[in-house]
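Take a look at the structure set out below.
Chains as they are written, first to last, in the working numbering: chain A, 1 to 485; chain B, 1 to 461.
Right, dumping it as structure tokens:
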């Protein structure tokens, strides 16, 4: 049956690559933007098609939309990853859509499409080594941009170099056929450290602030908001990590969430503020993943999507502000409400969605996460609530600083452009739609969480069956990751 | 048949503010905004529809001799395998109906007042959008049948309050004050959420029918133990104190008066400020389980009442004086709840909300009327000395006056012992990060340092 499926994934990954080649030949940046937008739109359509194909035709097992387990080089999706390529493609589409013509010269469309292709290949990698390779390659586009813009890149390079080395050494050392308790400790620690570094967990988070300092806002946004680090943790670490490693990750993530929430409140510049805000939220997602309970994991997976979406909207709003008034300080009023009130609305709505405000996409995810965390340890539950409270303060402060104040007098037209309005409407519809009707999304993420936990339980059962490899969850279907997902 | 009618009317009461918010929200995204007249009519129409639905429910309940009606919308989210349900359920009893009727009546009055008061004001549409958020939040919180549903409404009320305090956002002061209000609300929200989680853990559900019994209010009995009631009750008391500006959160109340008068009236004179006491009334069967908890409620209530009474006498502007006068009454209502009374605080709340709305709506023209009166009689109006002036020693009066004038130095104390250490701690962390990235980069690593400040400082002096 698989052979009858349309090759959505292959097409979706190839299109941006071909688009990158095409746009690199364009001399006019405006034409490159237009072509890039078309390619990103088609890619988004392919990835949505792949998701729909998977949900309605592929069943709930680890079925790729094309190919079989005998061809692991072909992309595949399962319950966990099914919405992620679509979300990634959406983030790229909205970012290109929100890029003003005046800024296309700085924000390379060619490099953007290349990194989109890499991201989609990362989310659809069918094997652990495939994922490792894609995560390593994915670190390159920001480095190229920093070099091309002649900006300091040593901080980023040092961290990402270490990440790649740790990732390869760790993956080479772990065994995906033994139970978590039997994993060799050193490679497991290396793999964990690599994924935590990529997730920006304190104290190895400074590459992220440095990237926001020196790369274009759009590039930094595209590199962090899909949360590839969290994907790495879920795919590479969670199925095989002993409990104590999961607990350590949860504690470090929780510390990062609190630390970053506090840091967001004292930042004086908008990009750094956004970076810490994102770091705090993405760490909360990791806390949930490491609870390794169905409710916690479901909450975390829901929060993952909502945080990605809402903070992309928040970041795009901030980027639109930056494209009008330059890099702005959080210590003064920008007075932009008169000029772009709709953008102010999106700024507030997306920010509130990220902290799980009722009626928005993040609410149920946070509820589930806090519920599970409080069940495990009341302290963790209370800490998550505290983080949400601190982030709420930071978001409202940022909203007031950016949009309140005496109206800015200007000789140029600062009003919202049609493409920006479309981007706002899309994000608003998704945030509110997922907030008002959360059940389909939650059920879907619950199924993904159950599969992840079943895979982990299968791996633990390996020990009791004297080293034999656990069979795939559903035979005859395409599986990756040692037959786990 | 009768339950079908209750469901339809219940949906009408809850649906009216939902429709209002949806219309205003969608209109704000459209390129062409709604006219002032259309917004005023939508507001009046939805308020009337909700009020009529509610009145019909009351009439039918009266006719059928029912004191407790439940309208179930069902599971908003559920994971049956994990036992997780987010149940949307609304209850209509003496407490919720009284508070919801009060909400609709006062919101209708203030909406009608605001449509004239804010005529041609640049933020007219913004005001009514936030007002719709507030109305929805109040109705949902008042009718909530589960703790999660109450939290949903609670958060909406908090957000709309903070945004309306910053209504005149061209000036820095309203914005700083809105941030203060929001900060207090976030503390209250966090306490509420932790309490809700603890209730889930202790009772296995967030349904008020289980938490405080299924009998009509105030006859319910809670299944919690005394120790559980004390812990959860204290968290709920913090939440209520934050929302109702009780001590030690009272500092935000006069700051909230920076908003337009109609919002001050409906939020801090009438409805929002009573949401905390409403919460305490709703969970009153939990309070009854712990004497220590009741003592804490009475103590905080009385302390807030005394504080409010002292400070309101030293205020130089009418809205601040009314804010502290409200605090004094809310403190008394809280103390009444702690003393085990149920209907008296409810009646007190309704009476106080109505009176204070009238006073606050009247306040913009009061000064002018005073002047007219004094001009007419040709001299100053006579002031009778109060009891305190006649009986209290001068030294004590001076000391109390100083406390009142400084508003008890509540904000300064919080700044000194909480805000500043917090900010200093993270600024130090930021400094250390800078040193680390500078060392790694081998040069100054922060491009953001070169961003030049503009002319509108955004930090509170």
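The beta-carbon is built from N, C-alpha and C at its ideal position, and this holds for glycine as well.
Residue state for residue 340 of chain A is assigned as coil, using DSSP reduced to three classes.
Within its own chain, the residues whose Cβ lies closer than 6 Å to the Cβ of residue 160 of chain A, once the five positions on either side in sequence are excluded, are 139, listed in chain order. Per the coordinates, the alpha-carbon of residue 107 of chain A lies some 35 Å from the alpha-carbon of residue 163 of chain B.
Taking a cut-off of 8 Å for Cβ pairs, the segment 174 to 188 of chain B and the segment 238 to 255 of chain B touch, as three or more such pairs fall below it.
Each residue's CA atom was taken as its position, placing residue 369 of chain B and residue 109 of chain B some 22 Å apart. For residue 74 of chain B, the uninterrupted beta strand (DSSP E) run begins and ends at 69 to 79, by DSSP.
When C-beta atoms of the segment 232 to 240 of chain A are compared with those of the segment 306 to 326 of chain A, fewer than three pairs fall below 8 Å, so the two segments do not count as touching. Under the 8 Å Cβ criterion, the segment 292 to 309 of chain B does not count as touching the segment 142 to 153 of chain B, having fewer than three qualifying pairs. Contact holds between the segment 241 to 255 of chain A and the segment 287 to 295 of chain A, because three or more Cβ pairs, one in each stretch, are under 8 Å apart. Annotation: the continuous beta strand (DSSP E) that includes residue 87 of chain B extends over 84 to 92. Any Cβ of chain A closer than 8 Å to the Cβ of residue 306 of chain B would place that residue at the interface, and such an atom is absent.
Distance from the CA atom of residue 128 of chain B to the CA atom of residue 39 of chain B, rounded to whole angstroms, is 7 Å.
According to the DSSP assignment, residue 330 of chain A belongs to no alpha helix (DSSP H), since it is labelled neither H nor E. Taken through DSSP and simplified to helix, strand or coil, residue 438 of chain B comes out as helix. The count of Cβ pairs closer than 8 Å, one atom from the segment 28 to 41 of chain A and one from the segment 108 to 115 of chain A, reaches three, so the stretches are in contact.
By the criterion of a C-beta distance shorter than 8 Å, residue 408 of chain A is surrounded in its chain by 325, 334, 335, 336, 338, 339, 414, once the five residues flanking it on both sides are discounted. If you compare the alpha carbons of A/257, A/266, A/270 with that of residue 285 of chain A, the shortest gap goes to A/257. Distances from the CA of residue 27 of chain B to each of B/42, B/13, B/15, B/16 were compared; the closest alpha carbon is that of B/42. Here residue 444 of chain A carries a helix assignment [DSSP, helix/strand/coil]. Look at the beta carbons and you see the segment 210 to 228 of chain B not touching the segment 259 to 276 of chain B: under three pairs across the two are nearer than 8 Å. Of the candidates B/284, B/99, B/258, B/284 places its Cα closest to the Cα of residue 234 of chain B. Sequence-ordered contacts of the segment 86 to 119 of chain B with chain A read 86 [C-beta pairs closer than 8 Å]. Those residues of the segment 64 to 81 of chain B placed with their C-beta closer than 9 Å to a C-beta in chain A are 75, 76, 77, 78, 79, 81, ordered along the chain. In terms of CA proximity to residue 280 of chain A, A/203 leads the group A/136, A/203, A/344, A/298. Apart from sequence neighbours up to five positions away, the residues of its chain that approach residue 361 of chain B with a beta-carbon distance below 6 Å are 113, 265, ordered along the chain. Boundaries of the alpha helix (DSSP H) around residue 391 of chain A: 378 to 403.
Our two residues, residue 132 of chain A and residue 261 of chain A, have alpha carbons roughly 30 Å apart in a direct line. Between the alpha carbons of residue 204 of chain B and residue 83 of chain B lies a gap of roughly 10 Å. Partner residues in the beta bridge of residue 146 of chain B, as assigned by DSSP, are B/207. With contacts defined by Cβ atoms closer than 8 Å, residue 106 of chain B and residue 133 of chain B do not form a contacting pair. Only residues of its own chain outside the window of five on either side were considered, and among them 277, 345, 348, 349 have a CB closer than 6 Å to the CB of residue 333 of chain B, listed in chain order. The alpha-carbon separation between residue 258 of chain B and residue 169 of chain B amounts to approximately 10 Å. Exposed is the label assigned to residue 406 of chain B, since fewer than 16 other Cβ atoms lie within 10 Å of its Cβ. Straight through space, the alpha carbons of residue 434 of chain A and residue 49 of chain A are spaced by roughly 19 Å. Look at residue 298 of chain A: its C-beta is under 8 Å from a C-beta on chain B. Any Cβ of chain A closer than 8 Å to the Cβ of residue 35 of chain B would place that residue at the interface, and such an atom is absent.
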